[in-house]
Ligand SMILES: Nc1ncnc2c1ncn2[C@@H]1O[C@H](COP(=O)(O)OP(=O)(O)OP(=O)(O)O)[C@@H](O)[C@H]1O
Ligand SMILES: [Mg+2]
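Residue numbers (the numbering used here): 89 to 240.
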């Protein structure tokens, strides 16, 4: 499996509900490496660029207003097959389909307020990483954990 980087963001409701530690610990326990992390408030331009694929949909305006409504935690996770693994750990968009055991399955009741975003493809991961992070904010380091976890 190729080593991939994926973009993840705890949305304003996840920060407000104080689920940041709970969410990050799930990714660490899985064995994904944190390559970058920061708290920020997204401005409207950035929000519109991030969610450009949804422009024109009925929920677009409320999605933009929600995502700029408070601080978010943005981070990059790295590991073999990271993009699809993270999507699976996050769970489905519709709370009725989000499996128990996934982040949304365990914590989300509304489609609108679904606490976390993750990239859905190699293309969107690349685009979102460069939208949120400068090169010098991304760290290339080794984990000293031997053969038991991904360590490059
Ligand atoms: N039918 C809907 N009604 C209300 N909000 C929606 C609906 N569909 C999507 N959204 C909102 O728009 C976001 C982006 O939708 P998308 O289809 O990309 O889902 P996702 O990839 O699971 O979520 P995200 O891109 O935030 O990780 C969703 O996370 C949700 O907050
Ligand atoms: Mg999406």
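Using N, Cα and C, we set each Cβ at its ideal position, and we do this for glycine too.
A quick note: this is a predicted structure, and the numbers were derived from the prediction, not measured.
Residues in its own chain within less than 8 Å of residue i by CB, not counting five upstream and five downstream?
i	result
residue 132	152 and 156
What residues in its chain sit with their C-beta under 6 Å from that of residue i, if we drop five residues either side in the sequence?
i	result
residue 166	93, 121 and 123
Within 7 Å: the Cβ of residue i and any heavy atom of ligand 2?
i	result
residue 101	no
residue 208	yes
Leaving out the 5 sequence neighbours to the left and right, which residues in its chain are closer than 7 Å to residue i when beta-carbon positions are compared?
i	result
residue 119	167, 237 and 238
residue 220	95 and 162
residue 111	98, 102, 191 and 204
residue 199	181, 182 and 183
Let me know the secondary structure DSSP gives residue i once reduced to three states.
i	result
residue 230	coil
residue 121	strand
In the DSSP output, what is residue i paired with across the bridge?
i	result
residue 97	162 and 205
residue 111	In DSSP, residue 111 forms no bridge with anything.
Using 7 Å as the cut-off, classify the Cβ of residue i as near or not near the heavy atoms of ligand 1, replying yes or no.
i	result
residue 195	no
residue 147	yes
residue 151	yes
residue 94	no
Are the C-beta atoms of residue i and some chain C residue less than 8 Å apart?
i	result
residue 228	In the structure shown, chain C does not exist; there is a single protein chain.
*Could you name each continuous alpha helix (DSSP H) segment of 4 residues or more that falls completely within the segment 125-206, going from the start of the chain to the end?*
Listed in chain order, they are 132-138, 148-155, 170-178 and 191-195.
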